[in-house]
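Line by line, the protein sequences give chains A and B.
Per numbering that gives the first Met the number 0, the first sequence runs over residues 0 to 175.
Per numbering that gives the first Met the number 0, the second sequence runs over residues 0 to 175.
Cβ atoms here follow ideal geometry from the backbone N, Cα and C, with glycine treated the same way.
Number of protein chains: 2
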Amino acid sequence: MDIQEFVANSIGRWRSQRSAHHLAFSHFEAVQSEIDIVALSVHDPAVIDLCKSYNIDPQAAVSPFRMSWEGQSDWDDGEVKGSCVLVPIPDPDDAHRGKLLRDQGYAETIAAAGDYYLTADGTFVLTTAYERAAAEEKIWFVNPNVRCRVSLIKTSAGTGVVTASFSSEIRQGVQN
Amino acid sequence: MDIQEFVANSIGRWRSQRSAHHLAFSHFEAVQSEIDIVALSVHDPAVIDLCKSYNIDPQAAVSPFRMSWEGQSDWDDGEVKGSCVLVPIPDPDDAHRGKLLRDQGYAETIAAAGDYYLTADGTFVLTTAYERAAAEEKIWFVNPNVRCRVSLIKTSAGTGVVTASFSSEIRQGVQN
Numbered sequence: 000m001d002i003q004e005f006v007a008n009s010i011g012r013w014r015s016q017r018s019a020h021h022l023a024f025s026h027f028e029a030v031q032s033e034i035d036i037v038a039l040s041v042h043d044p045a046v047i048d049l050c051k052s053y054n055i056d057p058q059a060a061v062s063p064f065r066m067s068w069e070g071q072s073d074w075d076d077g078e079v080k081g082s083c084v085l086v087p088i089p090d091p092d093d094a095h096r097g098k099l100l101r102d103q104g105y106a107e108t109i110a111a112a113g114d115y116y117l118t119a120d121g122t123f124v125l126t127t128a129y130e131r132a133a134a135e136e137k138i139w140f141v142n143p144n145v146r147c148r149v150s151l152i153k154t155s156a157g158t159g160v161v162t163a164s165f166s167s168e169i170r171q172g173v174q175n
Numbered sequence: 000m001d002i003q004e005f006v007a008n009s010i011g012r013w014r015s016q017r018s019a020h021h022l023a024f025s026h027f028e029a030v031q032s033e034i035d036i037v038a039l040s041v042h043d044p045a046v047i048d049l050c051k052s053y054n055i056d057p058q059a060a061v062s063p064f065r066m067s068w069e070g071q072s073d074w075d076d077g078e079v080k081g082s083c084v085l086v087p088i089p090d091p092d093d094a095h096r097g098k099l100l101r102d103q104g105y106a107e108t109i110a111a112a113g114d115y116y117l118t119a120d121g122t123f124v125l126t127t128a129y130e131r132a133a134a135e136e137k138i139w140f141v142n143p144n145v146r147c148r149v150s151l152i153k154t155s156a157g158t159g160v161v162t163a164s165f166s167s168e169i170r171q172g173v174q175n
């Protein structure tokens with residue numbers, strides 16, 4: 000599987016159940032949300048601007064997309080809402096690796112560039128270094144209408160795991 | 000990584016946070032437990048008996064172990080407790096694949112033999128077919144003291160996912 004196929008399989012509306020484990024104090028957080036993943040044109044100004052902000056030639060971008068989410072958490076004040084543009088930049092020498100640019104990260108609300116690879120069994124693995132943390136994410140399809148996603152937030156030294164979260168995502172608008 | 004190394008890395012006591020997503024009705028279940036994984040001798044009568052019950056030569060067994068768990072769920076009457084013996088039988092032609100025998104399964108309380116493989120990036124993947132369901136489990140180490148485990152219970156036809164659960168497991172008795 001290459002990144003084009005992975006993104007194509009991800010396009011759509013998903014109902015997500017996410018559980019976050021805050022490991023230091025054994026807290027469980029439950030989040031229910033809807034996620035929309037929409038393909039963007041490589042000529043979209045948001046895509047071109049994001050590439051330029053990383054000094055990357057926009058012609059290297061493939062399968063850019065926008066991800067939006069809206070939901071409720073059972074923790075804190077509850078509302079969970081956001082949107083970001085994501086732009087894969089495949090490695091010219093290895094179709095299974097590359098960079099993923101995004102205009103807003105998960106662990107901090109700043110732009111971030113992560114490194115991805117696709118495993119032989121079709122798992123997308125993304126590692127992103129932030130100033131004070133590192134994020135590692137694995138996403139795979141169980142079938143065309145069910146995705147799993149595991150996200151780990153680590154201390155920036157990369158050894159301690161602060162939060163481990165798991166999402167099960169079911170495609171909406173189809174019969175399961 | 001081969002199965003011997005994977006089992007060796009797993010021996011110990013783990014504090015587990017598990018979230019189960021019951022997908023049909025968007026229910027979250029939270030379970031906290033302690034898991035003990037203890038190495039067994041290949042000469043242990045429980046190991047030999049389990050091999051014999053599958054007509055497998057006990058000399059083919061490597062790194063057998065016992066797993067016990069005890070904890071609390073926030074659903075139903077809450078107590079979660081069990082124990083099973085697990086016996087890896089590597090494929091003689093491929094050190095990264097094999098069968099895993101156990102004297103009690105997860106989805107049904109009967110003995111089960113699953114098929115495992117280890118991916119290039121060290122994930123243990125186990126597929127077990129039961130009479131009325133199929134289970135798929137992935138386990139990987141984030142670091143020597145943190146394991147992640149994703150378990151999927153599917154309908155026996157293998158297409159629909161009934162339950163997706165995620166465990167984060169932290170080794171006890173060490174400083175993280």
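Contact set between residue i and chain B, taken where Cβ atoms lie within less than 8 Å
i	result
Thr-25 (chain A)	Per the sequence presented here, residue 25 (chain A) reads as Ser, with Thr not at that position. Chain B residues near Ser-25 (chain A): Arg-14, Gln-16 and Gln-31.
Leu-99 (chain A)	Under the 8 Å cutoff, chain B gives no residues; its nearest Cβ is about 18 Å from Leu-99 (chain A).
C-alpha gap between residue i and residue j, whole angstroms
i	j	result
Glu-13 (chain A)	Ser-167 (chain A)	Note that residue 13 (chain A) corresponds to Trp in the displayed sequence, not to Glu. Those two C-alpha atoms are separated by around 9 Å.
Phe-123 (chain A)	Tyr-116 (chain A)	6 Å
Gln-16 (chain A)	Ala-128 (chain B)	26 Å
Ser-67 (chain B)	Val-30 (chain A)	30 Å
Phe-5 (chain B)	Asp-56 (chain A)	43 Å
Gly-172 (chain A)	Thr-126 (chain B)	29 Å
Asp-1 (chain A)	Lys-137 (chain A)	15 Å
Ile-88 (chain B)	Gln-3 (chain B)	11 Å
Asn-73 (chain A)	Ala-23 (chain A)	The sequence given here places Asp at residue 73 (chain A); Asn does not occur at that position. Those two C-alpha atoms are separated by around 19 Å.
Ser-9 (chain B)	Ser-62 (chain A)	39 Å
Phe-27 (chain B)	Ser-18 (chain A)	8 Å
Gln-103 (chain A)	Cys-50 (chain B)	53 Å
Trp-139 (chain B)	Val-161 (chain B)	22 Å
Val-141 (chain B)	Glu-135 (chain A)	9 Å
Lys-153 (chain B)	Gly-159 (chain B)	5 Å
Gln-71 (chain A)	Asp-75 (chain B)	24 Å
Ser-25 (chain B)	Gly-11 (chain A)	19 Å
Arg-101 (chain A)	Ile-169 (chain B)	31 Å
His-21 (chain B)	Ser-32 (chain B)	19 Å
Ala-60 (chain B)	Gly-113 (chain B)	14 Å
Asp-120 (chain B)	Arg-148 (chain B)	15 Å
Pro-44 (chain B)	Leu-99 (chain A)	53 Å
Val-79 (chain A)	Glu-69 (chain A)	6 Å
Classification of residue i by the beta-carbon crowding that lies within 10 angstroms, buried from 16 upward
i	result
Ser-155 (chain A)	exposed
Phe-64 (chain A)	buried
Ala-106 (chain B)	Because Ala-106 (chain B) sits at a pLDDT of 47, beneath the cut-off of 50, its placement in the model cannot be relied upon, and the point is left open.
Val-84 (chain A)	buried
Ile-34 (chain A)	buried
Ser-52 (chain B)	exposed
Phe-165 (chain A)	buried
Gly-77 (chain A)	exposed
Val-46 (chain B)	buried
Gly-81 (chain A)	exposed
Arg-146 (chain B)	buried
Val-37 (chain A)	exposed
Arg-131 (chain B)	exposed
Asn-54 (chain B)	exposed
Ser-111 (chain B)	Position check: residue 111 (chain B) holds Ala in this sequence, whereas Ser was assumed. The residue in question, Ala-111 (chain B), is buried, as its Cβ has 16 or more Cβ neighbours within 10 Å.
Val-163 (chain B)	Checking the sequence, you will find Ala at residue 163 (chain B) rather than Val. Label assigned to Ala-163 (chain B): buried.
His-42 (chain A)	exposed
Ser-40 (chain B)	exposed
Asn-144 (chain A)	buried
Ala-94 (chain A)	exposed
Ala-7 (chain A)	exposed
Residues that residue i contacts on chain A, provided the C-beta gap is smaller than 8 Å
i	result
His-95 (chain B)	Here the premise fails: no neighbours, minimum Cβ distance about 11 Å.
Residues that residue i contacts on chain A, provided the C-beta gap is smaller than 9 Å
i	result
Cys-50 (chain B)	Chain A residues near Cys-50 (chain B): none, gap ~29 Å exceeds 9 Å.
Closer than 7 Å at the beta carbon, the chain A residues around residue i
i	result
Asp-43 (chain B)	Result: empty, since nearest Cβ-Cβ is about 33 Å, beyond 7 Å.
Ala-163 (chain B)	Cys-147 and Ser-167
Beta-bridge pairing of residue i - partner residues as DSSP gives them
i	result
Val-30 (chain A)	A:Arg-17 and A:Ser-72
Phe-64 (chain A)	A:Ala-38 and A:Leu-85
Leu-100 (chain A)	A:Val-86 and A:Ala-112
Leu-117 (chain A)	A:Phe-123
Closer than 7 Å: residue i CB and nearest the ligand HEM heavy atom
i	result
Ala-60 (chain B)	As for the ligand HEM, it is missing from this structure, which has no ligand bound.
Chain-ordered chain B contacts of residue i [CB-CB under 7 Å]
i	result
Ile-169 (chain A)	Leu-22
Cys-83 (chain A)	Neighbours of Cys-83 (chain A) on chain B: none; closest Cβ ~23 Å, over 7 Å.
Asp-120 (chain A)	Thr-118
Contact set between residue i and chain B, taken where Cβ atoms lie within less than 9 Å
i	result
Asp-1 (chain A)	The contacting residues do not exist; Asp-1 (chain A) stays about 17 Å from chain B at best.
Leu-151 (chain A)	Val-141, Val-145, Cys-147 and Ser-167
Partner residues on chain D for residue i, Cβ-Cβ distance less than 7 Å
i	result
Val-160 (chain A)	No chain D appears in this structure, whose protein chains are A and B.
Unbroken stretches of the alpha helix (DSSP H), 4 residues or longer, contained in the region 71-98 of chain A: none
Whole runs of the beta strand (DSSP E) within the region 120-175 of chain A, excluding any shorter than 3 residues: 123-128, 132-142, 145-154 and 160-170
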